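> Protein chains in written order, with the UniProt record's numbering: chain A, 1 to 354; chain B, 1 to 354.
We put the CB at the ideal spot given by N, CA and C, even for glycine.
Owing to the predicted nature of the structure, the values given are computational and were not obtained by experimental measurement.
Number of protein chains: 2
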Amino acid sequence: MTKFWSEAAKRCTPYVPGEQLNDPNIIKLNTNENPYPPSPLVVGAIKQEVENQMNRYPSPTLDNVREKIAYHYQVDKENVFIGNGSDEVLAFSFMAFFEEHQQILFPDISYSFYPVYANLFQIPYREMPLKQDFTLDETLFFGSQGGVILPNPNAPTSIHTALDRIQAIIENNNDNVVIIDEAYSDFASDSAVELIKQYKNLLVVKTMSKSRSLAGLRIGYAIGDKELIEGLTRIKDSFNSYTVDRLAIAGAEAAIEDNKYYQETTRKIMNTRNWLLSELKKRGFKVLPSETNFLFVHHPMFHAESLYKGLKENGILVRHFNKLRISNYLRITIGTKESMEQFLGIIDDIFSKK
Amino acid sequence: MTKFWSEAAKRCTPYVPGEQLNDPNIIKLNTNENPYPPSPLVVGAIKQEVENQMNRYPSPTLDNVREKIAYHYQVDKENVFIGNGSDEVLAFSFMAFFEEHQQILFPDISYSFYPVYANLFQIPYREMPLKQDFTLDETLFFGSQGGVILPNPNAPTSIHTALDRIQAIIENNNDNVVIIDEAYSDFASDSAVELIKQYKNLLVVKTMSKSRSLAGLRIGYAIGDKELIEGLTRIKDSFNSYTVDRLAIAGAEAAIEDNKYYQETTRKIMNTRNWLLSELKKRGFKVLPSETNFLFVHHPMFHAESLYKGLKENGILVRHFNKLRISNYLRITIGTKESMEQFLGIIDDIFSKK
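Right, here's the structure in full:
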């Protein structure tokens with residue numbers, strides 16, 4: 001620490017992302033990336049765009065890509081905000097809709113970036129406990145002072161909350177913004193996007209990092225009432241006029257258009273997920289019901305941390321959170337079926353040696 | 001405005017970037033872009049990277065590209081911070097080094113994003129007047145309460161302040177950070193980067209948008225003492241773990257390595273600048289001495305706003321600021337020699353009709 005740091009730089013508690021090891025031999029099941037490459041149309045669009053005016057600034061208003069995303073979700077361009085990954089969209093959302101001295105609510109087990117934003121922007125928060133089985137008691141989120149944010153499906157638990165219960169939270173927070181962070185909803189049974197026409201206080205945040213295989217390109221977006229989008233835009237335009245580069249714009253446009261490719265890869269991942277779930281259960285794992293591209297598991301006989309270490313020694317990286325209530329769980333990203341077979345092989349090895 | 005906006009969303013006064021018209025027939029001389037495409041090595045590196053693991057997150061620590069930039073400037077990796085354009089680097093710098101209730105100083109005529117950041121983060125500021133001839137009186141910046149930020153060369157005036165006078169500002173602000181925004185310094189005679197080993201309170205901010213022809217890719221960076229870089233990194237990691245995408249990383253690495261290409265295009269622009277300056281003087285323009293890729297001009301007989309309009313009607317876009325002291329000036333980006341000849345042709349047309 002130095003005398004030159006602001007109070008914000010001193011008080012913040014930076015987020016620690018999953019390990020990014022640069023070893024191509026490692027099977028990476030720790031950051032919920034998609035095992036499949038992006039659509040060939042995305043690659044083609046980027047290769048074309050890179051020949052074209054990279055010396056010029058990108059569009060500050062992102063009209064074309066917003067229109068394409070709007071069309072996909074059957075909303076208007078004015079309902080769509082795009083950012084440099086959904087983390088940036090969430091950061092802008094904290095700035096645009098949450099307030100110092102007004103407590104916001106999020107689940108005690110959820111995306112660990114929320115308290116990081118709250119500390120950075122000095123927004124007081126309360127972590128509302130999930131039930132014993134990690135499902136959500138929606139009534140705990142009614143009548144917040146400053147707003148609500150929650151992932152649905154939740155991470156790292158993988159559990160999905162039905163839309164009518166999300167709706168109850170929105171209706172019981174009339175004066176505040178409710179942010180539903182749908183990073184994983186393309187692997188789930190429904191999305192709150194259909195509610196945005198009904199509720200002016202609902203913001204749905206999504207990403208191309210998971211289902212669209214574009215973690216490397218940084219495209220996140222928010223869908224909501226046009227006044228919420230305008231608030232986000234005001235913050236963004238006071239922070240950085242051009243947050244999304246020309247190649248990311250070209251890639252995002254192609255990704256949202258090639259729906260067929262994305263539906264196919266998503267279906268493959270969901271099939272592998274369901275197969276892996278039953279394989280893990282056969283081996284005595286307790287597996288939470290997942291509507292995401294990962295499983296959240298624990299084993300009555302093997303402690304999660306030692307399993308994490310045993311897997312890492314064998315070239316497989318999963319995520320272990322040293323946190324209250326979940327320190328005996330592992331979060332396992334769904335890779336290709338081949339990767340998951342290798343993963344199960346290592347698990348069987350570890351189990352056989354104990 | 002809506003009840004859902006935070007105080008920040010209500011109070012901020014978003015930056016308005018130069019017009020980005022999507023008409024390929026327009027000669028764009030209004031946002032200080034480089035008229036030449038980026039190095040072919042940049043294009044090649046991006047085409048290669050797009051085939052490679054776009055489904056994986058980029059490096060959160062950006063070690064390789066930081067090392068390459070560090071090598072170029074003869075500093076250490078720990079002295080380099082990279083962001084999504086220098087606007088993001090500046091935003092993080094305001095958060096990391098400036099403080100509510102502690103007044104910062106910047107010139108009254110300078111980059112118009114500074115007051116925007118200050119309003120967003122509630123940092124009080126005072127705009128110190130440039131002299132009558134738009135040169136800087138460095139003594140006005142001595143002993144600031146909360147820090148100093150200034151572009152060198154200055155924008156939109158194009159005037160460069162000599163390094164010994166910048167040094168005097170740094171030395172007379174021992175307890176605060178002095179940010180030198182060197183967006184244009186590759187077109188100037190010197191850079192403050194050489195001072196960073198000497199002063200722990202100096203942060204130099206640079207960009208690949210201008211001299212490296214990569215406005216479309218969004219790469220900015222800061223060079224400073226490792227404790228300042230650590231402060232910036234803490235803020236960034238509390239805001240967005242992955243601000244620079246895989247393609248931007250690949251492009252930035254190639255751009256910093258292909259020094260020969262960039263020196264050649266920079267030299268061409270500086271030659272065109274010097275030629276244009278004399279051509280404008282022949283036509284009665286007053287032209288400030290430029291060490292940038294643009295000229296700041298006025299004409300005793302023709303008002304800037306009407307010239308701006310006349311040029312626009314003829315398909316040429318320059319920048320006019322409707323601001324105190326400079327409302328009778330135009331900022332003209334240096335394009336290719338051919339564009340500037342067309343520009344002069346239109347000027348001659350306009351003059352002949354009056």
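Please give the ranges of any beta strand (DSSP E) in the stretch 301-341 of chain A, keeping only runs that are unbroken, at least 3 residues long and fully inside the region.
Every beta strand (DSSP E) of 3 residues or more that sits fully in the stretch 301-341 of chain A is shown, in chain order, as 330-333.
> If you compare alpha carbons, which of A:Val-204, A:Phe-351, A:Thr-336 and A:Leu-228 is closest to Pro-37 of chain A?
Indexing the first sequence from 1 puts residue 37 of chain A at position 37. Taking only the C-alpha atoms, the option nearest Pro-37 of chain A is A:Thr-336.
> Using a Cβ cut-off of 8 angstroms (strictly closer), state whether Met-270 of chain A contacts chain B.
Position 270 of the first sequence holds residue 270 of chain A. So no, Met-270 of chain A is outside the interface.
> Enumerate in chain order the residues of its own chain whose CB-to-CB distance from Thr-266 of chain A is below 7 angstroms, with the five nearest sequence positions on each side excluded.
Taking the first sequence and counting its residues from 1, one reaches residue 266 of chain A at position 266. Taken in chain order, the residues that qualify are Asp-186, Phe-187 and Ser-211.
> Identify the residues that DSSP records as bridge partners of residue 380 of chain A: which are they?
The requested residue 380 of chain A does not occur in the structure, where chain A is confined to residues 1 to 354.
> Got a sec: which bits of the stretch 162-195 of chain B sit with their beta carbon under 9 angstroms from any beta carbon on chain A, in order along the chain?
Asp-175, Asn-176 and Val-177
> Compare the C-beta of Lys-47 of chain B against all C-beta atoms of chain A and say whether one is closer than 8 angstroms.
As a first step, residue 47 of chain B must be located in the second sequence, where it is residue number 47. Interface criterion met: the Cβ of Lys-47 of chain B is under 8 angstroms from a Cβ in chain A.
> Given a threshold of 16 other Cβ atoms within 10 Å of its Cβ, counted over all protein chains shown, does Met-340 of chain A qualify as buried or as exposed?
The residue labelled residue 340 of chain A in the question sits at position 340 within the first sequence. Classification of Met-340 of chain A: buried, given that the 10 Å Cβ count is 16 or more.
> Quickly, what does DSSP pair residue 369 of chain B with across the bridge? List them, please.
For residue 369 of chain B there is no data in the structure shown, the boundaries of chain B being 1 and 354.
> Which of the three DSSP states, helix, strand or coil, is assigned to Gly-83 of chain A?
Looking up residue 83 of chain A in the first sequence gives position 83. Strand, per DSSP.
> In angstroms with no decimal places, state the Cα-to-Cα distance between Glu-291 of chain B and Ile-159 of chain B.
Walking along the second sequence from the start, residue 291 of chain B turns up at place 291. Walking along the second sequence from the start, residue 159 of chain B turns up at place 159. Going by the C-alpha atoms only, they are around 6 angstroms apart.
> Below 9 angstroms on C-beta distance, what does Gly-335 of chain B contact in chain A?
Taking the second sequence and counting its residues from 1, the one referred to as residue 335 of chain B is at position 335. Within chain A, no residue comes near Gly-335 of chain B; the closest Cβ sits about 11 angstroms away, beyond 9 angstroms.
> Compare the C-beta of Asp-76 of chain A against all C-beta atoms of chain B and say whether one is closer than 8 angstroms.
Here the question's residue 76 of chain A lines up with position 76 in the first sequence. No - not a single Cβ of chain B is within 8 angstroms of the one on Asp-76 of chain A.
> Chain A partners of Ser-6 of chain B, CB-CB under 7 angstroms?
As a working note, residue 6 of chain B is residue 6 in the second sequence. Neighbours of Ser-6 of chain B on chain A, chain order: Met-95, Ala-96, Phe-97, Phe-98 and Glu-99.
> Which runs of the beta strand (DSSP E) fall wholly inside the stretch 45-83 of chain A and span at least 3 residues, in chain order?
80-83
> Just grab the DSSP bridge partners of Lys-286 of chain B for me.
Position 286 of the second sequence, counted from the first residue, corresponds to residue 286 of chain B. DSSP lists B:His-298 as partners of Lys-286 of chain B.
> So for Lys-10 of chain A, helix, strand or coil by DSSP?
Taking the first residue of the first sequence as 1, we reach residue 10 of chain A at position 10. Three-state DSSP puts Lys-10 of chain A in a helix.
> Run down chain A in chain order and give the residues with a C-beta less than 9 angstroms from the C-beta of Ser-241 of chain B.
In the second sequence, the residue the question calls residue 241 of chain B occupies position 241. The answer, in chain order, is Pro-14, Tyr-15, Val-16, Pro-17, Gly-85, Asp-87 and Phe-113.
> So which residues of chain B does Thr-157 of chain A contact, with C-beta pairs closer than 8 angstroms?
Residue 157 of chain A sits at position 157 when you count from the first residue of the first sequence. Near Thr-157 of chain A there are no residues of chain B at all, since even the closest Cβ is about 21 angstroms away, more than 8 angstroms.
> Can the beta-carbon of Asn-79 of chain A be found less than 8 angstroms from the beta-carbon of Ala-91 of chain A?
Here residue 79 of chain A refers to the residue found at position 79 of the first sequence. Here residue 91 of chain A refers to the residue found at position 91 of the first sequence. Against a cut-off of 8 angstroms, the Cβ pair of Ala-91 of chain A and Asn-79 of chain A comes out as no contact.
> Assuming the contact rule is C-beta atoms closer than 8 angstroms, Leu-203 of chain A and Gly-224 of chain A should be a hit. Round their C-beta distance to whole Å, please.
The residue given as residue 203 of chain A occupies position 203 in the first sequence. The residue given as residue 224 of chain A occupies position 224 in the first sequence. So it is a contact: roughly 4 angstroms between Cβ atoms.
> Beta carbons nearer than 9 angstroms to chain B: which residues of the stretch 251-279 of chain A have them?
Within the stretch 251-279 of chain A, the residues whose Cβ lies closer than 9 angstroms to some Cβ of chain B are Gly-251, listed in chain order.
> May I ask you to verify whether the stretch 11-24 of chain A touches the stretch 233-242 of chain B, counting CB pairs closer than 8 angstroms and requiring at least 3?
yes
> Work out the CA separation of Val-205 of chain A and Tyr-261 of chain A for me, nearest whole Å.
The sequence position of residue 261 of chain A within the first sequence is 261, counting from 1. The sequence position of residue 205 of chain A within the first sequence is 205, counting from 1. Each residue's CA atom was taken as its position, placing Tyr-261 of chain A and Val-205 of chain A some 22 angstroms apart.
> Alpha carbon to alpha carbon, how far is Tyr-125 of chain A from Phe-141 of chain A?
Here the question's residue 125 of chain A lines up with position 125 in the first sequence. Here the question's residue 141 of chain A lines up with position 141 in the first sequence. As the crow flies, the alpha-carbon of Tyr-125 of chain A is around 12 angstroms from that of Phe-141 of chain A.
> Indicate whether at least one CB of chain A lies closer than 8 angstroms to the CB of Lys-354 of chain B.
Residue mapping note: residue 354 of chain B aligns to position 354 of the second sequence, counting from 1. Judged by the 8 angstroms Cβ criterion, Lys-354 of chain B is not in contact with chain A.
> Please report the distance separating the alpha-carbon of Lys-353 of chain B from that of Leu-324 of chain B.
Working through the second sequence from its first residue, we reach residue 353 of chain B at position 353. Working through the second sequence from its first residue, we reach residue 324 of chain B at position 324. Roughly 29 angstroms separates the two Cα atoms.
> Does any residue of chain B have a CB that is nearer than 8 angstroms to the CB of Leu-317 of chain A?
The residue labelled residue 317 of chain A in the question sits at position 317 within the first sequence. It does not: the Cβ of Leu-317 of chain A has no partner Cβ on chain B nearer than 8 angstroms.
> Skipping 5 residues on each side, what residues in its chain have a beta carbon closer than 6 angstroms to that of Leu-217 of chain A?
Here residue 217 of chain A is taken as the residue at index 217 of the first sequence, counted from 1. Hits under 6 angstroms: Ala-248 and Gly-251.
> Do Gln-20 of chain B and Ser-59 of chain A have their C-beta atoms closer together than 8 angstroms?
Reading the second sequence from its first residue, position 20 is the one you call residue 20 of chain B. Reading the first sequence from its first residue, position 59 is the one you call residue 59 of chain A. With contacts defined by Cβ atoms closer than 8 angstroms, Gln-20 of chain B and Ser-59 of chain A form a contacting pair.
> Give the secondary structure of Gly-345 of chain B by DSSP, where H, G and I count as helix, E and B as strand, and everything else as coil.
Against the second sequence, residue 345 of chain B aligns to sequence position 345. Here Gly-345 of chain B sits in helix by DSSP.
> Within 8 angstroms of any Cβ in chain B, is that where the Cβ of Met-340 of chain A sits?
Locating residue 340 of chain A in the first sequence gives position 340, where the first residue counts as 1. Met-340 of chain A does not count as touching chain B.
> Using CA coordinates, which residue listed in A:Tyr-329, A:Asn-314 and A:Thr-207 is at the minimum distance from Phe-302 of chain A?
To locate residue 302 of chain A, count along the first sequence from 1; it is residue 302. Nearest option by C-alpha distance: A:Tyr-329.
> Less than 8 angstroms between the CB atoms is what I'm expecting for Ala-183 of chain B and Glu-138 of chain B, so what's the real figure, rounded?
Counted from its first residue, the second sequence places residue 183 of chain B at position 183. Counted from its first residue, the second sequence places residue 138 of chain B at position 138. That pair is no contact at about 20 angstroms.
> When DSSP builds the beta bridges, which residues end up paired with Val-204 of chain B?
The residue given as residue 204 of chain B occupies position 204 in the second sequence. Its beta-bridge partners are B:Ile-180 and B:Ile-223.
> What did DSSP end up calling Lys-260 of chain A once you bin it into helix, strand or coil?
Along the first sequence, one-based indexing puts residue 260 of chain A at 260. Note: Lys-260 of chain A maps to helix in three-state DSSP.
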